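Participant:
Protein chains: 2
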Amino acid sequence: MRETPPRRAVILSGLGGMAAAGLTSVTACSTQADVADGAATSADVAQARTGAGGAASGTSADGTPVAGKVCVPGPGTAYRPFRGEHQAGVDDEPQPYVAFVAFTLPDGTDKEALRRLMTVWTDDIERLMSGRGTLTDQEPELAAVTARLTVTLGIGPRVPALAGVQVQAWLAPLPAFPSIDRLDDRWGQGDVLLQICADSPTTVAHAQRRLITSAGELVTVQWIQRGFREPFSGIPSGVPMRNLFGQVDGTVQPDARGVDASLIWAGNEAPDWMRGGSSLVLRRIAMDLEKWDRADRLSRENAIGRRLDSGAPLTGTDLNDTPDLDAVDALGFHRIDEAAHVRRAHGSGVERFLRRPYSYDDPPESGARVNSGLLFAAYCTDPVRQFIPVQRRLAEKDLLNLWTTPIGSAVFAILPGAGDGEILGQRLLA
Amino acid sequence: MRETPPRRAVILSGLGGMAAAGLTSVTACSTQADVADGAATSADVAQARTGAGGAASGTSADGTPVAGKVCVPGPGTAYRPFRGEHQAGVDDEPQPYVAFVAFTLPDGTDKEALRRLMTVWTDDIERLMSGRGTLTDQEPELAAVTARLTVTLGIGPRVPALAGVQVQAWLAPLPAFPSIDRLDDRWGQGDVLLQICADSPTTVAHAQRRLITSAGELVTVQWIQRGFREPFSGIPSGVPMRNLFGQVDGTVQPDARGVDASLIWAGNEAPDWMRGGSSLVLRRIAMDLEKWDRADRLSRENAIGRRLDSGAPLTGTDLNDTPDLDAVDALGFHRIDEAAHVRRAHGSGVERFLRRPYSYDDPPESGARVNSGLLFAAYCTDPVRQFIPVQRRLAEKDLLNLWTTPIGSAVFAILPGAGDGEILGQRLLA
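So the protein sequences, as listed, match chains Y and D. Position 47 of the first sequence, counting from 1, maps to 30 under the working numbering, and the rest follow consecutively. Position 367 of the second sequence, counting from 1, maps to 350 under the working numbering, and the rest follow consecutively.
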């Protein structure tokens, strides 16, 4: 077993010499028992997933929590792997709950502080995603309900600059779209982002809490945006989600692990520290449900260019049919309106990206009846080439703009996945 | 088929003569096709529940929504019956998501306005719980995901007064508990309450939206409190829920349909309009997770009097073991602390009530790191006899008070269920 420094020391005094000392694994375990329990965890989880496990105590005889124990086997313990070429939470099936948490880095943050932050969070995320509490976690029972938890780390424009590397050209707030935007600074650009997704809101809340706490004074919470999707997938099979307009949303997606991989994941064209990474454009889009109520179904379908029931394009019968943008009716009019969302959003070639939208429905401000919308999360290799042209077309003309208003906008680089023994941002902070 | 007035007429002009005209069924269908579809719905839903259903269109050929169609069979269509002696949403298994929505009645509200409100909402709730959109619902696909939806209607002290009947003595804000309360008016007493629960937050959002919209100018939204529970029941089997302290919550419950029925449901001692009803005490309890972090597991278990892992009392081994409040250790000290929550909360005889707690985890105020707590929902026949004595003991002494602060409080009468052909509040508004 390899000796690693206690994590409290990592947080308080930094780990600058860690890589230099040849410590390739940053599990930062403080005791041997901890490591042993950690090793046992996968089996526990696997057993739990089959429903065969009995309850195991998460505390030692003296009541001290034993980190790394799966205390509560049963449903909800499905989990996703943390380590790999890419981070989880981008191209996998979206879990029903999300918290996007943006942080500000305090003045004076340097590369060393960033390394401490990434070291702590890498350890936290790996533990949480595998069903173990974080090292200082006194509620391991909450951590044990993994619920397919993914925590995905993004960085804003300040981080590469602080790390002393060149900032990607696209890693900047989007240009203004004055014809549609009513942006509120409270949902603006952040320095660091955690995207926390799971099948259980309790799991999301617990992970969020532990990650915020672990970071100590290294970050300040800037905003938190909570969202949800329908927890019942396959309704009917293949409908990705319905937003609060009742529309099927996020239908046509690039094949992120196949022929379209280069649209989603940075390759050799990118600097070393971004290879295997991606980008996230997060737009908070208010949806005026009261105005939407005044549109009948025909108008709604015309605005979208798709049927409300099946999600099929107006020129087709199946959700996955390709919209026929050239089709005309007997009078020679396009069957899909000139300003229909599906036409204006339609991108070919590089103008495509992966979407993972979530609804939000927050308590209305005093006197209002509704405060709802969409957290539109789009992932691609280069937002300037892929996302912005589409957004520009939509800003220029899109019937849906009658009911939707972007009120928040931020862009993050999604770091590559952490390989064995690596921290997130390993090559950025090397 | 019985003729019923179109619902728009109900909303706009009232239904004062409806009962007098012998209209016992208030399904308020506007077309015969609607009724036929409504009749088909149960079978559709049943078919959907077995997973055997194919997708059925929710729109007619011209794109008009056909209310009453189950448009999207598949998972998520389990449903609970609306009509019966009691309202749903009290003693049934809690669904993972809740919105408690309190409303204010405008000045000048009279019995007739109340009857219109109850007529509209009764129809809405029955439709929504059975997977049909409300009559003006243009998103029937969202309504089709019933997700065990329950909508439970409560009334505050103003309603019986407006209806010209005597107000129950217990139907009033709780007395002040100055040693613990830090009540914020924004979570205070309302005139009417809808408790909306489902397995899907999209279903909750849609139902909330439709119910608020249907009520038109008859009500104003006062506050909305959203909450959640772990969606994976039986972790391990029998653990009701864990709150964000990691505690097992809501363990010992009265047998609401058996020997303890009189503790939960109003009987012959109550006025006619309340028989079969109950009461809800809703306390919003902030939980100081940052302070809780500074308590170790032994201190936490001592404060609660239960083990954190299994939820068993400190004097037992199983969740359902009865706490032995007299047990002493070798030194003669009580094994369950004098101020432990489980001891102080322990009620016998009539001092018992049904709890259905939900966690909340809202975005923190600017600069804060956490804004979490519990929506403590307690149901009983008479809060003055059953709830207040327990609350008084807890206010006087309870170790958990170190970490918890009541910041909202309201009391509602839960109306009896609607029988066939009845509206909610039928006997109140007769």
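Note that the Cβ used here is the ideal one computed from N, Cα and C, for glycine as well. Source: prediction; values computed, not measured.
Using a Cβ-Cβ distance cut-off of 8 Å, determine whether residue 174/Y contacts chain D.
Facilitator: It does not; no Cβ of chain D falls within 8 Å.
Participant: Which residues, taken in chain order from the region 364 to 387 of chain Y, show a beta carbon closer than 8 Å to some beta carbon of chain D?
Facilitator: Answer in chain order: no residues at all.
Participant: Taking only the alpha-carbon atoms, compute the straight-line gap between residue 348/Y and residue 135/D and give it to the nearest angstrom.
Facilitator: Their backbone Cα atoms lie some 24 Å apart in a straight line.
Participant: For residue 413/Y, which three-state DSSP category applies?
Facilitator: If DSSP states are grouped into helix, strand and coil, residue 413/Y belongs with coil.
Participant: For a contact meaning CB atoms closer than 9 Å, what does residue 211/D contact in chain Y?
Facilitator: Neighbours of residue 211/D on chain Y, chain order: 80, 183, 184, 185, 188.
Participant: Return the bridge partner residues of residue 296/D from the DSSP annotation.
Facilitator: DSSP output for residue 296/D lists 289/D as bridge partner(s).
Participant: Taking C-beta pairs closer than 7 Å, name the residues in chain D that residue 234/Y reaches, listed in chain order.
Facilitator: None at all; the shortest Cβ gap to chain D is about 14 Å.
Participant: Round the Cβ separation of residue 355/D and residue 227/D to the nearest angstrom and send it over; I've been treating them as touching at under 8 Å.
Facilitator: Going by Cβ atoms, the distance from residue 355/D to residue 227/D rounds to 5 Å, so yes, they are a contact pair.
Participant: Taking 8 Å as the CB-CB limit, is residue 129/D close to chain Y?
Facilitator: No, residue 129/D does not count as interfacial toward chain Y.
Participant: If distances are taken between C-alpha atoms only, which option among 62/D, 84/D, 143/D comes closest to residue 95/D?
Facilitator: Comparing Cα positions, the closest option is 143/D.
Participant: Which word fits residue 102/D, buried or exposed, when buried means at least 16 other C-beta atoms lie within 10 angstroms of its C-beta?
Facilitator: Residue 102/D is buried by the Cβ-count criterion.
Participant: Thinking C-beta only, is residue 213/Y closer than 8 Å to residue 185/D?
Facilitator: Contact: yes.
Participant: From residue 55/D to residue 224/Y, what does the alpha carbon distance come to, in whole angstroms?
Facilitator: Note on residue 55/D: pLDDT 38, under 50, position unreliable in the model; the coordinate value appears next. Approximately 12 Å, taken between the alpha carbons.
Participant: Measuring CA to CA, which of 305/D, 310/D, 86/D is closest to residue 177/D?
Facilitator: Selected option, being the one with the closest Cα: 86/D.
Participant: Which bits of chain Y does residue 268/D rub up against, with CB to CB less than 7 Å?
Facilitator: Here the premise fails: no neighbours, minimum Cβ distance about 15 Å.
Participant: Check the Cβ-Cβ distances between residue 262/Y and every residue of chain D, and say whether any is below 8 Å.
Facilitator: So, not an interface residue.
Participant: Please decide whether residue 151/D counts as near chain Y, where near means a Cβ-Cβ distance under 8 Å.
Facilitator: Not one chain Y Cβ lies under 8 Å of residue 151/D.
Participant: Decide if residue 336/D is buried, meaning its Cβ has at least 16 other Cβ atoms within 10 Å, or exposed.
Facilitator: Buried: at least 16 other Cβ atoms inside 10 Å.
Participant: Which stretch, first to last residue, makes up the alpha helix (DSSP H) that contains residue 328/Y?
Facilitator: Counting along the chain, the alpha helix (DSSP H) containing residue 328/Y begins and ends at 324 to 328.
Participant: For residue 117/D, which residues in chain Y fall below 7 Å Cβ to Cβ?
Facilitator: Neighbours of residue 117/D on chain Y: none; closest Cβ ~11 Å, over 7 Å.
Participant: Please list, in chain order, the chain D residues whose beta carbon lies closer than 7 Å to that of residue 196/Y.
Facilitator: Near residue 196/Y (Cβ distances below 7 Å), the residues of chain D are 276.
Participant: Would you report the Cα separation of residue 286/D and residue 320/D, rounded to the nearest angstrom?
Facilitator: So the alpha carbons of these two residues sit roughly 7 Å apart.
Participant: Does the distance from the CB of residue 129/D to the CB of residue 71/D come in under 8 Å?
Facilitator: Cβ distance not < 8 Å, so residue 129/D and residue 71/D don't count as in contact.
Participant: What's the gap between the Cα of residue 406/D and the Cα of residue 244/D?
Facilitator: For residue 406/D and residue 244/D, the distance between alpha carbons rounds to 23 Å.
Participant: Could you tell me the distance, in whole angstroms, from the CA atom of residue 366/Y to the CA atom of residue 325/D?
Facilitator: Residue 366/Y and residue 325/D: Cα-Cα distance of roughly 55 Å.
Participant: For residue 409/D, would you say it is in contact with chain Y, using Cβ-to-Cβ distances shorter than 8 Å as the test?
Facilitator: By this cut-off, residue 409/D is not an interface position.
Participant: Is the distance from the Cβ of residue 246/Y to the Cβ of residue 151/Y below 8 Å?
Facilitator: It is not a contact, given that the beta carbons lie outside the stated cut-off.
Participant: Going by Cα to Cα distance, which pick from 162/D, 255/D, 73/D, 169/D is closest to residue 412/D?
Facilitator: When each option's Cα is compared against that of residue 412/D, the closest is 255/D.
Participant: Since residue 192/Y meets chain D, which of its residues come closer than 7 Å, beta carbon to beta carbon?
Facilitator: By Cβ distance, chain D contributes 272, 353.
Participant: If the cut is a Cβ gap below 7 Å, which residues of chain D does residue 204/Y touch?
Facilitator: The answer, in chain order, is 347, 352.
Participant: Between residue 68/Y and chain D, is there a C-beta pair that is closer than 8 Å?
Facilitator: It does not: the Cβ of residue 68/Y has no partner Cβ on chain D nearer than 8 Å.
Participant: So, with DSSP's three-state summary, where would you put residue 247/D?
Facilitator: The answer is helix: DSSP assigns residue 247/D an H, G or I state.
Participant: What does a CB cutoff of less than 7 Å around residue 288/Y pick up in its chain, not counting 5 residues either side in sequence?
Facilitator: Correct list, in chain order: 296, 297, 306, 319, 320, 323, 324, 325, 326.
Participant: How many angstroms separate the CA atom of residue 8/Y from the CA atom of residue 403/Y?
Facilitator: Residue placement at residue 8/Y is poorly supported in this model, since its pLDDT is 26, which falls under 50; the coordinates are not used for a value here.
Participant: Between residue 301/D and the rest of its own chain, which residues show a CB-CB distance below 8 Å, the 5 nearest in sequence each way excluded?
Facilitator: Here the set comprises 293, 295.
Participant: Residues of chain Y with CB under 8 Å from residue 390/D, in chain order?
Facilitator: Those within 8 Å of residue 390/D in chain Y number zero; the least Cβ separation is about 15 Å.
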